[in-house]
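Asker: Letter by letter, the sequence shown follows residues 57 to 500 of our numbering. Every residue, glycine too, gets a C-beta built ideally from N, C-alpha and C. Note that this is a predicted model, so its numbers are computed, not measured. Handing you a structure now.
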Amino acid sequence: GAGRQGFTILQTLKGFEFHNVTVVDAHPESLERAKRLGAKCISLDVKDEKIGKIFKQHDLIIDSLPARFGFEIMSRAVEVGTPIIDIAYTEEDPILLDEKAKEHGTFVIPDAGFAPGISNLLVGYGLNLWKNIKKICIKVGGIPLKPHPPLNYNVTWSPEDLIAEYTRPARIKKDNKIKEVKALSGVETEYFEEVGYLESFYTDGLRTLLKTVKDVPELEEKTLRYRGHAEIFKILKELHFLENAHMSNTIKVLMKEFKKSSPEDIALLRVEFYTEGEVKGFELIHKYNFKEKRTAMSELTGFTPAILAKMYREGRIKKNGVIPLEMLGQDNEFAEGFLKELSNLGIKVKEYKKKKDLPEKIEKRILPQYFEKIVSGEKTFEIRLANFDVKPGDILVLLEWDPEKGFTGRKVEKIVSYILRTKDLNFWSEDEIKKWGYVVIGLK
């Protein structure tokens with residue numbers, strides 16, 4: 057596939073001095089672009105029987121087609137014994153190909169993009185660096201630098217795969233058990249210096265991590281967007297616009313809206329590891345490449361398989377079977393080599409740690425989503441504001457307002473009762489918080 061992601065992969069491979077690259081695509085304009093970069097081009101539909109013969113003639117396959125083709129492409133590569141790296145998130149579980157790949161003496165690296173992809177490698181790397189991890193949370197997204205309301209989004213990848221992400225139930229791990237939650241649920245507020253306040257919500261991105269990360273009791277992945285995005289897509293979902301029967305028309309309308317936001321984007325990733333009293337992790341922030349006119353998302357997605365191809369050429373991938381990136385990431389030498397290649401391409405991954413303490417910044421406008429009743433010391437408060445889905449057992453900080461002392465914070469001992477959700481979407485200002493006298497901040 058030589059679309060946006062495929063072309064970025066091709067450009068990167070050329071930079072890595074891969075001189076014998078074949079591009080297979082059904083679109084003449086995509087092949088014409090690839091030809092200008094010196095690639096051998098074959099016009100062929102992905103379902104054509106000749107694809108297996110082409111695979112057999114090559115040392116490595118990189119699949120950058122939309123997710124609906126991924127499992128079939130991986131299967132065809134395994135059948136002829138050619139290693140394959142796939143960037144898409146297929147509906148089918150790629151682990152199903154493990155035994156067959158081993159029998160044919162080949163490997164499959166699935167989900168080898170940005171997230172899943174780089175995020176998985178960082179999970180594996182972090183598991184080697186830090187011990188006694190209670191929870192891992194991946195927060196990731198690509199958003200426009202100049203958003204246009206109401207969607208405040210511009211799709212930089214397959215729109216079909218985006219809708220699938222918003223409709224497919226999200227699998228998470230809680231108390232050592234895998235459970236499903238609704239996509240777009242669990243909305244929380246996140247802060248990034250580069251863009252300010254965003255929201256995060258559950259999407260199904262863990263997949264292989266649910267099987268490979270066995271000693272961590274809690275795992276979750278959340279998508280980052282500008283605030284209010286999840287609520288809009290929840291409404292579209294409830295009105296059945298995201299169902300297959302209406303998909304083509306919905307995508308046409310959404311694409312018109314998406315194009316109102318700038319194509320220039322910023323990609324953000326945090327992989328957080330929760331230990332006793334501390335959160336450690338990795339942060340990656342990458343912006344649109346104005347020189348090459350490439351989106352941040354296409355670079356992060358495209359660089360990953362190209363780097364893996366380079367490392368395979370250097371003899372650094374030796375296993376057979378299905379090899380998720382978190383497994384490769386647990387080899388420190390491999391992980392550090394991958395991150396060095398990423399750094400050489402202008403993408404830095406920063407390591408950080410923070411105490412589980414009062415938040416450094418208190419948001420001035422907080423969405424009132426829940427009513428709670430809590431106990432702090434000997435006082436009982438009926439709380440009017442909470443900026444996330446409060447559950448018994450969560451750590452809470454009571455922020456009280458005093459005209460003489462200003463804001464003071466202290467830990468809440470426990471939640472007495474869990475009352476009800478409100479649909480009130482009005483924002484509360486700092487003055488209104490002062491009028492009520494208190495607000496609860498959740499520490500996740």
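Between which two residues does the beta strand (DSSP E) harbouring F257 extend?
Answerer: That run of the beta strand (DSSP E) goes 252 to 258.
Asker: Hey, quick one: how far does the alpha helix (DSSP H) through K190 stretch, first residue to last?
Answerer: Element bounds for K190: n/a, residue is neither H nor E.
Asker: Output the boundary residues of the beta strand (DSSP E) element that contains E277.
Answerer: Here the beta strand (DSSP E) through E277 covers 274 to 281.
Asker: Based on the DSSP output, what are the partners of G377 in its beta bridges?
Answerer: Paired residue(s): F163.
Asker: Consult DSSP for Y344 and reduce its assignment to one of helix, strand or coil.
Answerer: Here Y344 sits in coil by DSSP.
Asker: Based on the DSSP secondary-structure assignment, which residues constitute the bridge partners of G173?
Answerer: DSSP lists G169 as partners of G173.
Asker: Give me, in chain order, the residues of the same chain whose beta-carbon lies closer than 6 Å to that of V77; leave out the 5 immediate sequence neighbours on both sides.
Answerer: For V77, where only same-chain residues beyond five positions count, the Cβ hits under 6 Å are L69, A95.
Asker: How would you label G333, buried or exposed, when you count the other beta carbons within 10 angstroms and need 16 or more for buried?
Answerer: With fewer than 16 other Cβ atoms within 10 Å, it is exposed.
Asker: So D101 is in the beta strand (DSSP E); what residue range does that whole segment cover?
Answerer: It is not in any beta strand (DSSP E) - D101 carries neither H nor E in the DSSP assignment.
Asker: So, for K158: in the same chain, excluding its five sequence neighbours on each side, which residues have a beta-carbon less than 6 Å away from its beta-carbon?
Answerer: These residues qualify, in order along the chain: N376, G377.
Asker: Please classify I291 as buried or exposed, where buried requires at least 16 other C-beta atoms within 10 Å of its C-beta.
Answerer: I291 is exposed by the Cβ-count criterion.
Asker: Helix or strand or just coil, what does DSSP make of G371?
Answerer: Here G371 sits in coil by DSSP.
Asker: Specify whether the segment 137 to 150 and the segment 107 to 116 touch according to this definition: at least 3 beta carbon pairs, one from each stretch, less than 8 Å apart.
Answerer: Contact between the segment 137 to 150 and the segment 107 to 116 is present, because at least three Cβ pairs lie under 8 Å.
Asker: Would you be able to state if there are at least three C-beta pairs under 8 Å between the segment 97 to 106 and the segment 185 to 192?
Answerer: No: the two stretches stay apart, fewer than three of their Cβ pairs being nearer than 8 Å.
Asker: Hey, I341 and F257: beta-carbon distance below 9 Å or not?
Answerer: Cβ atoms of I341 and F257: not closer than 9 Å.
Asker: To test your reading of the DSSP string, which unbroken alpha helix (DSSP H) runs of 4 or more residues are found completely within the segment 300 to 343?
Answerer: Runs found: 303 to 314.
Asker: Could you name the residues that DSSP lists as bridge partners for F248?
Answerer: According to DSSP, F248 bridges with G252.
Asker: Do the CB positions of K343 and I322 come within less than 9 Å of each other?
Answerer: It is a contact, given that the beta carbons lie within the stated cut-off.
Asker: Judging by CA-CA distance, which residue of F359, I110, K109, A144 is the nearest neighbour of W213?
Answerer: Here the closest residue by C-alpha is A144.
Asker: What residues in its chain sit with their C-beta under 7 Å from that of N184, if we drop five residues either side in the sequence?
Answerer: Excluding positions up to five away in sequence, the list reads Q386, N388.
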